[in-house]
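A.B. asks: There's a structure below that I have some questions on.
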Amino acid sequence: MYGYSGKILHIDLNERKHWVEEKPEKWYKLYIGGVSMASRLCWENIEVGCDPYGPGNPICFANGIFSGTPVPVGGKYGLASKSPLTGFIGDSLSGSWFSVALKRARWDGVVIHGQSPNWIYIVIDDERVEFLPADKLLGLGTYETEEKIREIFGDDQLRSATIGPAGENMVRFANVTNDGRQAGRTGHGAVWASKKLKAVSVRGTYGVTVADPETLLKMSFDITEVAQGPYTEKYRLYGTSTNVLNANKHGFLPTRNFQEGTFEFAELVSGEYLDEHHKVKVIACAQCPIACEQMSIVKYGPYAGSMSGVEYESLQAVSSNCGISDMAAAIRMVEIADSCGMDTMSMGVSVSFAMECYEKGVLAKEDFKCKKYPEGFEANFGNGEAGVTLAEMIRDVEGIGALLAEGTRIASETLDKERNAETYKWSMNIKGLECPGYDARSLKTFAMGLAVGVRGGCHNRSAAYDPDIQGETNRFTVDETRGEVAARAEEYAAVYDTLPLCKFIRRCFTGKADRAGAWPSIAKLINATTGWNYDYDDVELIGVRAHTIKKAFNIREGWQPKDDDIPYRWKHEPMTKGVGAGHVVTDEELEYMKQLYYQAKGWTEDGMLPKQLLIDLGMEDVAEEVGV
Ligand code: SF4
């Protein structure tokens, strides 16, 4: 087989042993790599109905088809487990050198089973697997852990995926980090901690063999050249944080825990402000000619020296959504999250949830007692120091931070029970995953796209905000087209997440980001790598299968139609300012759009998967288990 080794590495933490599973080419043609293959490995290896923190929940890595080749932005891998935040599939992507090392070690995927009795880290050195005590690594941050492992082995090329203190403390939205990039959102770091696994390090020394190196090289050079031109200029010069002003103008910038969609201090937390006052350099993932990561530093004041790569989703979560206009505090909050390995988005929304609880009297000053402030502190919106301190308390599961570290769903349920409160009205999560940086009350297709999302409230998987923002749909109303629009948008995103290719390359094939512009080139890249004969329709099916295996996983874990929902606030509390003022997504509108969506997917009206549909996709064994 070209492009793949045909081998999955299985590791058992209880028995401290490993074995190799060989997969047929047909399996690769169905699941390709990235989030699709990682989710399929979860499907095959998980104990159905298991506790996400129990031994039956495996950690599943799946490499990218283009990792280790010259294909630009193709150095990525997928990571999947049952999410402790949602109880459904937790699938994430991360870029950079770890995936290249794994490819060079000739592993298409790695499945880690069981639980270790003591903290350990694993070193995969080509075909050799070593289990090592992690005592010297405990308490270290994510970057420090990578450095320490390199130092122990005296090898600068050793690549590691690690968890930081937030993971060790089982913050429910802890990340896995490699090369400064995050496999984020669904709590992988906490799953690793439940297995007492601090890091996985890889050294790979083999080459990567592809079917048609000449074509692959020529295409890669051509795409690289285009990727350094105008189509990616916005990302190269400013990164995604330029979206702040745009979101504010269009009235969907999350503000004060999604109470409003416009922030009066948006200029002060914009990408443009960041660029002028804080940017020090840009960095790139492996195999990337774009380099979108804008590293920003605080030059003076109480957070002087803090440095982080600040992207839109992180920035809005810790600034406008907490009412914070102090960019220095925002940079510090992102730095805390990245260095201790926790999700900036879920952290920011958990902080904003706590601030609203404080302003509405559910939490009082004394609820915020901590080592730094023994008497507690005022946790009002806009208080940057409160935001920074709460980030630290979540990381350390200290005081109220221990509750917030459970995510907004559990935190809200706990407070409502213990204090006879109604915080569920401002608990901004979908299936337990905190909402992304788009207030969906005036983005109605997107609201439904989020509701049906298989990993919860995720803009990366849904992508239905794009037609709403671009004006292809009327974002303030619903109509019979929305099911089709949302279904195709999520399948489009799933193609990129499966290869995986960074979506910022999408216009660099022909200038057009749509399927007609990208799929023929992607088919050629796949064929040059593997020697297959993929065409437009085959590329389309990559996204359909990726989404279907995740949906099947959720059904097997007990998904019900009522799980496809949006937060109370978006259904009942209209914003009062900006172009989105006065809008909500009613229950009737949501149900209507869900039905359209299930139809567009070819599912039953209860959102279940018909047997024949699964058989037609080549997923006969899945049809046996969950098909109706
Ligand atoms: S564009 Fe940004 S996120 Fe995408 S691969 Fe490059 S550096 Fe990574």
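Every position in the sequence shown, counted from 1, becomes a number in the working numbering once 29 is added. For every residue, glycine included, the Cβ atom is placed at its ideal position computed from N, Cα and C.
What residue range is occupied by the uninterrupted alpha helix (DSSP H) comprising Gln628?
C.D. replies: Here residue 628 is taken as the residue at index 599 of the sequence shown, counted from 1. Segment Asp616 to Lys630, the alpha helix (DSSP H) holding Gln628.
A.B. asks: Looking at the ligand SF4, does it come within less than 7 Å of Ala124, judged from the CB to the closest heavy atom?
C.D. replies: Residue numbering aside, residue 124 sits at position 95 when the sequence shown is read from its first letter. First, the amino acid is wrong: residue 124 is Gly here, not Ala. Flag set: Cβ of Gly124 near the ligand SF4.
A.B. asks: Contact check, Ser550 vs Thr559 under 8 Å by CB: the rounded distance?
C.D. replies: In the sequence shown, the residue the question calls residue 550 occupies position 521. In the sequence shown, the residue the question calls residue 559 occupies position 530. Going by Cβ atoms, the distance from Ser550 to Thr559 rounds to 15 Å, so no, they are not a contact pair.
A.B. asks: Buried or exposed for Phe250, please, with buried defined as at least 16 other CB atoms from any protein chain shown within 10 angstroms of its CB.
C.D. replies: Here residue 250 is taken as the residue at index 221 of the sequence shown, counted from 1. Phe250 is exposed by the Cβ-count criterion.
A.B. asks: Which residue spans inside the region 467-540 form an unbroken alpha helix (DSSP H) run of at least 4?
C.D. replies: For the region 467-540, whole alpha helix (DSSP H) runs of length 4 or above, ordered along the chain, are 473-480, 488-491, 494-499 and 511-527.
A.B. asks: Taking just the CA atoms, how far does Met66 sit from Ser110?
C.D. replies: Taking the first residue of the sequence shown as position 1, residue 110 is located at position 81. Taking the first residue of the sequence shown as position 1, residue 66 is located at position 37. Cα to Cα, the separation comes out at about 12 Å.
A.B. asks: Give the secondary structure of Gly330 by DSSP, where H, G and I count as helix, E and B as strand, and everything else as coil.
C.D. replies: In the sequence shown, residue 330 corresponds to position 301, counting from 1. Correct three-state label for Gly330: coil.
A.B. asks: What does DSSP give as the partner residue(s) for Gly338 in the beta ladder?
C.D. replies: Taking the sequence shown and counting its residues from 1, the one referred to as residue 338 is at position 309. Paired residues: Met324.
A.B. asks: Restricting to runs no shorter than 3 residues, where is the beta strand (DSSP E) found entirely within the region 79-109?
C.D. replies: The qualifying runs are 88-92.
A.B. asks: For the alpha helix (DSSP H) that contains Val568, what are its first and last residues?
C.D. replies: Start at 1 with the first residue of the sequence shown, and residue 568 comes out as number 539. Looking at the DSSP string, the run of the alpha helix (DSSP H) that includes Val568 is Tyr565 to Arg585.
A.B. asks: Decide if Arg361 is buried, meaning its Cβ has at least 16 other Cβ atoms within 10 Å, or exposed.
C.D. replies: The sequence position of residue 361 within the sequence shown is 332, counting from 1. Buried, by the Cβ-count rule.
A.B. asks: Specify the secondary structure class of Phe182 as computed by DSSP and reduced to three states.
C.D. replies: As a working note, residue 182 is residue 153 in the sequence shown. Reduced to three states, the DSSP call for Phe182 is helix.
A.B. asks: Regarding Ile683 and the ligand SF4, is the C-beta to nearest heavy atom distance less than 7 Å?
C.D. replies: Residue numbering for the chain in the displayed model covers 30 to 657; residue 683 lies beyond these limits and cannot be assessed.
A.B. asks: Leaving out five residues on either side along the sequence, give the residues of the same chain with a beta carbon under 6 Å from the beta carbon of Asn272.
C.D. replies: Locating residue 272 in the sequence shown gives position 243, where the first residue counts as 1. So the qualifying residues of the chain are Tyr341.
A.B. asks: Does the ligand SF4 have a heavy atom nearer than 7 Å to the CB of Glu322?
C.D. replies: By one-based count along the sequence shown, residue 322 stands at place 293. True, at least one ligand heavy atom lies under 7 Å from that Cβ.
A.B. asks: Output the boundary residues of the alpha helix (DSSP H) element that contains Gly560.
C.D. replies: Taking the first residue of the sequence shown as 1, we reach residue 560 at position 531. Note, Gly560: premise wrong, no alpha helix (DSSP H); not H, not E.
A.B. asks: Whose C-alpha, out of Arg484, Val378 and Leu479, is nearest the C-alpha of Asp1?
C.D. replies: In the structure displayed, the chain extends from 30 to 657; residue 1 sits before or after that span and is not available.
A.B. asks: Suppose contacts are defined by Cβ-Cβ distances below 8 Å. Is Gly170 in contact with Ala315 by that definition?
C.D. replies: Numbered from its first residue, the sequence shown carries residue 170 at position 141. Numbered from its first residue, the sequence shown carries residue 315 at position 286. Not in contact: Gly170 and Ala315 (Cβ atoms no closer than 8 Å).
A.B. asks: Just to check, is the beta-carbon of Phe533 closer than 7 Å to a non-hydrogen atom of the ligand SF4?
C.D. replies: Walking along the sequence shown from the start, residue 533 turns up at place 504. It does: the Cβ of Phe533 is within 7 Å (strictly closer) of some heavy atom of the ligand SF4.
A.B. asks: Per DSSP, which one or two residues make a beta bridge with Gly119?
C.D. replies: Sequence index remark: in the sequence shown, residue 119 carries index 90 (1-based). Paired residue(s): Ser110.
A.B. asks: Using 8 Å as the limit for Cβ to Cβ distance, is Met66 near chain C?
C.D. replies: Considering every chain present, this structure includes no chain C. It has just one protein chain.
A.B. asks: Nearest by alpha-carbon distance to Pro596: which of Asp616, Pro603 and Ile459 is it?
C.D. replies: Position 567 of the sequence shown, counted from the first residue, corresponds to residue 596. Nearest of Asp616, Pro603 and Ile459 to Pro596, Cα basis: Ile459.
A.B. asks: Could you tell me the alpha carbon to alpha carbon distance between Gln211 and Thr244, rounded to whole angstroms?
C.D. replies: Position 182 of the sequence shown holds residue 211. Position 215 of the sequence shown holds residue 244. If I take the Cα positions, the gap works out to 32 Å.
A.B. asks: Under 8 Å, do Lys225 and Asn147 count as touching if we go by C-beta distance?
C.D. replies: Your numbering for residue 225 matches position 196 in the sequence shown. Your numbering for residue 147 matches position 118 in the sequence shown. Cβ distance < 8 Å, so Lys225 and Asn147 count as in contact.
A.B. asks: Report yes if the CB atom of Gly377 is closer than 8 Å to the CB atom of Cys351, and no otherwise.
C.D. replies: Position 348 of the sequence shown, counted from the start, is the residue given in the question as residue 377. Position 322 of the sequence shown, counted from the start, is the residue given in the question as residue 351. Their beta carbons are under 8 Å apart, which means Gly377 touches Cys351 by this criterion.
A.B. asks: Can you list, in chain order, the residues of its chain whose CB lies under 8 Å from that of His47, leaving out five sequence neighbours each side?
C.D. replies: One-based indexing of the sequence shown puts residue 47 at position 18. Leu38, His39, Ile40, Asp41 and Val158.
A.B. asks: Touching or not, the region 93-107 and the region 439-455, by the rule of three or more beta carbon pairs under 8 Å?
C.D. replies: No: the two stretches stay apart, fewer than three of their Cβ pairs being nearer than 8 Å.
A.B. asks: Can Gly218 and Ala228 be called in contact, C-beta distance under 8 Å?
C.D. replies: Start at 1 with the first residue of the sequence shown, and residue 218 comes out as number 189. Start at 1 with the first residue of the sequence shown, and residue 228 comes out as number 199. No, Cβ-Cβ distance for Gly218 and Ala228 is not below 8 Å.
A.B. asks: Applying the criterion that 16 or more other CB atoms from any shown protein chain within 10 Å of the CB defines a buried residue, is Leu638 buried or exposed?
C.D. replies: To locate residue 638, count along the sequence shown from 1; it is residue 609. Buried is the call here.
A.B. asks: Taking Arg484 as the reference, which of Leu433, Met356 and Leu114 has the closest Cα?
C.D. replies: Locating residue 484 in the sequence shown gives position 455, counting from the first residue. The residue with the shortest Cα to Cα distance from Arg484 is Leu114.
A.B. asks: Which residues in the same chain as Ala222 place their Cβ atom closer than 8 Å to its Cβ, once the five residues preceding and following it in sequence are excluded?
C.D. replies: Walking along the sequence shown from the start, residue 222 turns up at place 193. Closer than 8 Å at Cβ, skipping near neighbours: Ile192, Gly196, Glu197, Asn198, Met199 and Ala203.
A.B. asks: Taking all protein chains shown into account, decide if Ala408 is buried (16 or more other Cβ within 10 angstroms of its Cβ) or exposed.
C.D. replies: For the purposes of this step, residue 408 is taken as the residue at position 379 of the sequence shown. Buried, since its Cβ has 16 or more Cβ neighbours within 10 Å.
A.B. asks: With a cut-off of 8 Å, do at least 3 Cβ pairs link the region 563-572 to the region 541-555?
C.D. replies: Segments in contact, yes.
A.B. asks: How many Å lie between Asp635 and Gly430 at the Cα?
C.D. replies: What you label residue 635 is simply residue 606 of the sequence shown in a count that begins at 1. What you label residue 430 is simply residue 401 of the sequence shown in a count that begins at 1. One C-alpha to the other measures close to 38 Å.
A.B. asks: Ser379 and Gly436 - do their beta-carbons sit closer together than 8 Å?
C.D. replies: The sequence position of residue 436 within the sequence shown is 407, counting from 1. The sequence position of residue 379 within the sequence shown is 350, counting from 1. Yes, Cβ-Cβ distance for Gly436 and Ser379 is below 8 Å.
A.B. asks: Would the beta-carbon of Arg585 fall within 8 Å of that of Val481?
C.D. replies: Here residue 585 refers to the residue found at position 556 of the sequence shown. Here residue 481 refers to the residue found at position 452 of the sequence shown. Contact: no.
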